[in-house]
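Engineer:
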Amino acid sequence: MIQQLLFMVVLGMVIAYVFRHLQATTEEGFHDAADIDTPSAILTGNTAWSTAFGEDNPLDLPWIASWSPADQAARRGQNCAVLYSRAGPEGTTIVTTSRSCEAGMAHTRPGDRIYLPDSIPLALQEQTIRHELVHIYQRRNPEAWAQFYRRQWSFILYREPPATMPASILGARRNNPDLWIPGTQYGGTWPCWKGRYWPAAVYTDPKRPQLRDAITVWWDDVRREILTEPPAEWIAFFGTPTQNEHPHELAAVMLTAEDTSTEAGRRLMNWWATKGSLLKQDPVAERFIPPS
Ligand SMILES: [Zn+2]
1 MIQQLLFMVV LGMVIAYVFR HLQATTEEGF HDAADIDTPS AILTGNTAWS TAFGEDNPLD
61 LPWIASWSPA DQAARRGQNC AVLYSRAGPE GTTIVTTSRS CEAGMAHTRP GDRIYLPDSI
121 PLALQEQTIR HELVHIYQRR NPEAWAQFYR RQWSFILYRE PPATMPASIL GARRNNPDLW
181 IPGTQYGGTW PCWKGRYWPA AVYTDPKRPQ LRDAITVWWD DVRREILTEP PAEWIAFFGT
241 PTQNEHPHEL AAVMLTAEDT STEAGRRLMN WWATKGSLLK QDPVAERFIP PS
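Residue 273 in my numbering sits at position 273 of the sequence shown; the count goes up by one each step and never skips.
Below is the structure:
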């Protein structure tokens, strides 16, 4: 009986070895030096880098691939591995990670995921989730938000910065996962106000970038200068919200606070009162409702 069992174990090992060897040979056979230049090879490189930091969801690869050298340096040593996850409000998944992920800042990711580092106190979680839910709505219907920004806030979202943008801003910009909406022409992370002012969050010390150490600057494309304060007419319209780098952040702050103290806030709350219930829904999910 024991002899039979031993024989089966040895046979199993031999089969596994032969199979693995065959598989490796086949893979080797199809590898080609030209692969190095293909986007998939670049993504594979990022996969190796990302899995070391607990970033093993394929949905996150475009976000990770978008990091500049400064973004990579700012995130060195972080760990975004999923500690546990639970169902969140409105079809979302709340993912708990370590406090090192995005320097402990809550954020959203594709697939209706809200990332909550475990350093966020329980008392602040509800408020934080409400803010992040706005970013989920923005991900679900980016076209509608882009249209609102253009018509009501004079903001146009671009995928690329203007050619005149100084290298000092480009090299120091802090990438924000909540603004990263891939797969749509409306996922522009470069906003422009009134065809002239380009706000951007930049690391205060680009040589030693820290995620929590960033300020918003405005590139004035007409006067070709960098402003460290928003233009006066911008403040008259938007007030002084805590996060001002992008309309998605302005909207999340104002909606969460139900802020109608500014013209921008009043327009947003009016728009949300009429369109909000529709815009909370996921248009992709709707398409998959089977016909009755
Ligand atoms: Zn936000």
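Just so it is clear, CB atoms sit at the ideal spot from N, CA and C, and this is done for glycine as well.
Provide the residue(s) that pair with Ile169 in DSSP beta bridges, ordered along the chain.
Structural biologist: By one-based count along the sequence shown, residue 169 stands at place 169. Paired residues: none, contrary to the question.
Engineer: Alpha carbon to alpha carbon, how far is Pro209 from Ser100? Give it in angstroms, no decimals.
Structural biologist: What you label residue 100 is simply residue 100 of the sequence shown in a count that begins at 1. What you label residue 209 is simply residue 209 of the sequence shown in a count that begins at 1. Approximately 15 Å, taken between the alpha carbons.
Engineer: What do you get for Arg150, buried or exposed, if any count of 16 or more other CB atoms within 10 angstroms of its CB means buried?
Structural biologist: Residue 150 sits at position 150 when you count from the first residue of the sequence shown. Result: exposed.
Engineer: Between the alpha carbons of Arg113 and Ser85, how many angstroms are there, rounded?
Structural biologist: In the sequence shown, the residue the question calls residue 113 occupies position 113. In the sequence shown, the residue the question calls residue 85 occupies position 85. Answer to the nearest angstrom: the Cα atoms are 9 Å apart.
Engineer: Measuring alpha carbon to alpha carbon, tell me which residue in His135, Ile136, Pro206 is nearest Asp71.
Structural biologist: Looking up residue 71 in the sequence shown gives position 71. It is Pro206.
Engineer: Ligand 2 and Glu55: does any heavy atom of the ligand fall closer than 8 Å to the residue's C-beta?
Structural biologist: Ligand 2 is absent from the structure shown, which contains only ligand 1.
Engineer: Straight-line CA distance for Ala65 to Thr164?
Structural biologist: Walking along the sequence shown from the start, residue 65 turns up at place 65. Walking along the sequence shown from the start, residue 164 turns up at place 164. Roughly 24 Å separates the two Cα atoms.
Engineer: Could you tell me whether the stretch 239-249 touches the stretch 109-127, where touching means 3 or more Cβ pairs closer than 8 Å?
Structural biologist: They do not touch, by the three-pair rule.
Engineer: State buried or exposed for Ala123, treating a residue as buried only when at least 16 other CB atoms are found within 10 Å of its CB.
Structural biologist: Locating residue 123 in the sequence shown gives position 123, counting from the first residue. Classification for Ala123: exposed.
Engineer: On a Cα-Cα basis, can you pick out the residue from Thr256, Ile136, Asp221, Glu132 that is closest to Asp282?
Structural biologist: Position 282 of the sequence shown, counting from 1, holds the residue named residue 282. The shortest C-alpha separation from Asp282 is found at Ile136.
Engineer: Count the CB pairs spanning the stretch 170-177 and the stretch 187-206 that are closer than 8 Å, and state whether there are at least three.
Structural biologist: At 8 Å Cβ cutoff, the stretches touch.
Engineer: Looking at C-alpha atoms only, which residue of Cys80, Ala103, Cys192 is the closest neighbour of Thr97?
Structural biologist: As a first step, residue 97 is located in the sequence shown; it is residue number 97 there, counting from the start. Among Cys80, Ala103, Cys192, the Cα nearest to that of Thr97 is on Cys80.
Engineer: Let me check you understand the geometry: is the CB of Ala201 closer than 8 Å to at least one non-hydrogen atom of ligand 1?
Structural biologist: Stepping through the sequence shown from its first residue, residue 201 is reached at position 201. Not so, every heavy atom of ligand 1 lies at least 8 Å from the Cβ.
Engineer: If we ignore side chains and look at the alpha-carbon of each, how far apart do Ser154 and Gln147 end up?
Structural biologist: In the sequence shown, counting from the first residue as 1, residue 154 sits at position 154. In the sequence shown, counting from the first residue as 1, residue 147 sits at position 147. Each residue's Cα considered, the two are about 10 Å apart.
Engineer: Could you check where the alpha helix (DSSP H) with His131 kicks off and where it finishes?
Structural biologist: Counting from 1 along the sequence shown, the entry for residue 131 is found at position 131. Note, His131: alpha helix (DSSP H), 122-140.
Engineer: Short of 6 Å in beta carbon distance, which residues of its chain neighbour Ala257, apart from the five on each side in sequence? Order them along the chain.
Structural biologist: Residue 257 sits at position 257 when you count from the first residue of the sequence shown. Nothing listed; no residue qualifies.
Engineer: Assign Glu55 to one of three DSSP states: helix, strand, or coil.
Structural biologist: To locate residue 55, count along the sequence shown from 1; it is residue 55. Glu55 falls in the coil class under three-state DSSP.
Engineer: Rounded to whole angstroms, what is the Cα-Cα separation between Met269 and Leu83?
Structural biologist: Mapped onto the sequence shown, residue 269 falls at position 269. Mapped onto the sequence shown, residue 83 falls at position 83. Between Met269 and Leu83, the C-alpha separation is close to 36 Å.
Engineer: Taking only heavy atoms of ligand 1 into account, decide whether any of them is closer than 8 Å to the Cβ of Glu132.
Structural biologist: Here residue 132 refers to the residue found at position 132 of the sequence shown. Yes; taking the cut-off as 8 Å, the Cβ of Glu132 has a heavy atom of ligand 1 nearer than that.
Engineer: Just to confirm the assignment, what range does the alpha helix (DSSP H) spanning Ala106 have?
Structural biologist: Taking the first residue of the sequence shown as position 1, residue 106 is located at position 106. It is not in any alpha helix (DSSP H) - Ala106 carries neither H nor E in the DSSP assignment.
Engineer: Taking 9 Å as the threshold (C-beta atoms), are Trp180 and Ala251 in contact?
Structural biologist: The residue labelled residue 251 in the question sits at position 251 within the sequence shown. The residue labelled residue 180 in the question sits at position 180 within the sequence shown. No, the Cβ-Cβ distance between Ala251 and Trp180 is not below 9 Å.
Engineer: Can you check whether the CB of Ile226 is closer than 9 Å to the CB of Ile169?
Structural biologist: What you label residue 169 is simply residue 169 of the sequence shown in a count that begins at 1. What you label residue 226 is simply residue 226 of the sequence shown in a count that begins at 1. Yes, they are a contact pair.
Engineer: Which of helix, strand or coil does DSSP assign to Val222?
Structural biologist: Numbered from its first residue, the sequence shown carries residue 222 at position 222. Coil.
Engineer: Beta carbon of Gln125: closer than 8 Å to some heavy atom of ligand 1?
Structural biologist: The residue given as residue 125 occupies position 125 in the sequence shown. The answer is no for Gln125.
Engineer: What's the C-alpha gap between Gly276 and Thr262?
Structural biologist: Here residue 276 refers to the residue found at position 276 when the sequence shown is read from its first residue. Here residue 262 refers to the residue found at position 262 when the sequence shown is read from its first residue. About 19 Å.
Engineer: Looking only at its own chain, which residues have a Cβ that is under 8 Å from the Cβ of Pro166, when we skip the five neighbours before and after it?
Structural biologist: Translated into positions along the sequence shown, residue 166 becomes position 166. Closer than 8 Å at the Cβ level, and outside the excluded window around Pro166, lie Trp219, Ile226.
Engineer: Express the C-alpha separation of Phe53 and Thr274 in angstroms, rounding to a whole number.
Structural biologist: Taking the sequence shown and counting its residues from 1, one reaches residue 274 at position 274. Taking the sequence shown and counting its residues from 1, one reaches residue 53 at position 53. Computed Cα separation, rounded: 42 Å.
Engineer: Could you give the DSSP three-state label for Ser277: helix, strand or coil?
Structural biologist: Working through the sequence shown from its first residue, we reach residue 277 at position 277. Reduced to three states, the DSSP call for Ser277 is helix.
Engineer: Excluding five sequence neighbours on each side, which residues of the same chain lie with their C-beta closer than 6 Å to the C-beta of Gly265?
Structural biologist: Stepping through the sequence shown from its first residue, residue 265 is reached at position 265. These residues qualify, in order along the chain: Met254, Asp259.
Engineer: Between Glu249 and the rest of its own chain, which residues show a CB-CB distance below 6 Å, the 5 nearest in sequence each way excluded?
Structural biologist: By 1-based counting over the sequence shown, the position of residue 249 is 249. Closer than 6 Å at Cβ, skipping near neighbours: Gln243.
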